[in-house]
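Just below is one structure, and these are the notes that go with it.
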Ligand SMILES: [Zn+2]
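Numbering (the numbering used here), first residue to last: 126 to 705.
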């Protein structure tokens, strides 16, 4: 890495094993930095989308469209050999298409050796040089990255905006860079006594290195990405957790940052403990929180975040990115196809975590997700969650769909199957699918097996359509000392209903109607309150009647879903109150 002209070059030896049952006669590499050139797909998309990302669009212009040659990014293959023989390849935007010399048979391996040269672009999105907070090098998406091949075939998506899907591998990285630079990111440093910069054993002095440069040797076993960042002015702190990984923190040596970045350290430990307990144990011995990038982005064993924030925001972004270690780095879903599974599940678990470690004590920690989702429905711009992440018409629609509606997928599922069953399902999901590439059906089946309920209707309506939920109380009438209640289903999406009845003497009881197609009932979510299980509600029926064994005069109010975890788009008709 030449820190003066931002050019770099290297050699990549890739031992690639074909674990599929098909013979492969080609492979693809992602060459992400080529997106940062005028006229790239990323540039053109930026110019055409109605609500461009502000980080990438200034003064009415795509920032990529005005990059000068020495500010652009590129990553080029200079040569490529398969087991020592030249192979032919061509670069198409951000994807290198390679025709192999010898096809790779199922179960066999081949060695691909590429010489590459790159230039780090001015920081525009995720990676780059000299970000808005003055971090010299934020190096993600920097190396030739083999595309993923799985039961769906190749996933050689162009880099337009979002996001990533990669193969597991053992990374062994040697990085040579100006010796004044401090490097943090993925991987365990193999030569700390040579490097120093806070990596050496406390109380020891690093060896003196001759020359201008230093070579850092990292190993990262079983990861699907490798990020590093470097700056000559990083402070490097570490916090060794008891029975847990070492946490590393890299931040610019600016007086106004210190207090927040010191206080962040025990909060990162608390979050790690929360996720270990609620999802499953973090399997690596290290995690690094690195100031850099353009907001917050998750990588293997590390994150790049901007650091000039309020304390709450700094903890919030760190907790979110750390949660991605589980929902993306260990449960490695295809983010382009199922963004709701990584962004949504991450938002869900980080909302719970923030509520606990920051003592927020919110009754509904997911409230903002629901607000966002309702706003999207109101806007009429919603597209199904099955839309490819690059093909949403608006960034707004993508963001709410992935983060908010994705988070509600789980919080609302807790309403459907019960909170304990949901949390137990998440732990099972992690246990079964860590270091794999789960797909939507895998979370559905996991929750089905844990709860004993059928959930096909939930997965299809919530993730593959824009059907909405709207139930209401339409008629309440007294009759011979009893009360008749008529409910109606207005929205297309089916849901089971919890109905709370509050009496004038302050006593309460609940009624529950499961969907017939759930083939079962959840446990009583309010064990202290008497619950009556009503007959199942078959979805096709648009209304449903039941009777309460007390007179109308005794009733104060009737409420559908007092938890408000069911994303009912019109809550006005969920409450009936006896105002006479
Ligand atoms: Zn995220």
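C-beta: ideal position from N, C-alpha, C; glycine also.
{"Asked": "Per-residue DSSP class, three states only, for residue 149", "Found": "strand"}
{"Asked": "Touch test, the segment 164-180 against the segment 262-274, Cβ-Cβ under 8 Å, three pairs minimum", "Found": "no"}
{"Asked": "Proximal residues to residue 701 (C-beta, below 6 Å), its chain only, five neighbours per side dropped", "Found": "598, 601, 683"}
{"Asked": "Continuous beta strand (DSSP E) stretch holding residue 292: start and end", "Found": "Taken as a continuous stretch (DSSP letters only), residue 292 belongs to no beta strand (DSSP E), as it is neither H nor E."}
{"Asked": "Cβ neighbours of residue 291 in the same chain (closer than 7 Å, five flanking residues each side left out)", "Found": "270, 273, 349, 350"}
{"Asked": "Contact check, residue 309 vs residue 354, beta carbons under 8 Å", "Found": "yes"}
{"Asked": "Closer than 7 Å: residue 463 CB and nearest ligand 1 heavy atom", "Found": "no"}
{"Asked": "Chain-order list of residues whose beta-carbon lies under 7 Å from that of residue 286 (same chain, five-residue window excluded)", "Found": "167, 170, 515"}
{"Asked": "Rounded straight-line distance, which links the Cα of residue 429 to that of residue 412", "Found": "11 Å"}
{"Asked": "The segment 184-199 touching the segment 142-151, judged by at least three CB pairs closer than 8 Å", "Found": "no"}
{"Asked": "Beta-bridge pairing of residue 253 - partner residues as DSSP gives them", "Found": "263"}
{"Asked": "Limits of the unbroken beta strand (DSSP E) element including residue 670", "Found": "668-673"}
{"Asked": "Span separating the alpha-carbon of residue 490 from that of residue 595", "Found": "22 Å"}
{"Asked": "Euclidean distance between Cα positions of residue 189 and residue 639", "Found": "53 Å"}
{"Asked": "Closer than 7 Å: residue 290 CB and nearest ligand 1 heavy atom", "Found": "no"}
{"Asked": "Within 8 Å, strictly: CB atoms of residue 138 and residue 200", "Found": "no"}
{"Asked": "Cβ contact (3+ pairs, closer than 8 Å) linking the segment 653-663 and the segment 568-578", "Found": "no"}
{"Asked": "Pair within 8 Å by beta-carbon distance, residue 451 and residue 534", "Found": "no"}
{"Asked": "Residues bridged to residue 345 [DSSP beta-bridge criterion]", "Found": "296"}
{"Asked": "Coil, strand or helix - residue 159 by DSSP", "Found": "helix"}
{"Asked": "Extent of the continuous alpha helix (DSSP H) run through residue 384", "Found": "380-403"}
{"Asked": "Spatial distance of residue 256 from residue 611 (CA atoms)", "Found": "59 Å"}
{"Asked": "Unbroken alpha helix (DSSP H) run spanning residue 444, endpoints", "Found": "436-448"}
{"Asked": "Alpha-carbon spacing of residue 566 relative to residue 510, whole angstroms", "Found": "14 Å"}
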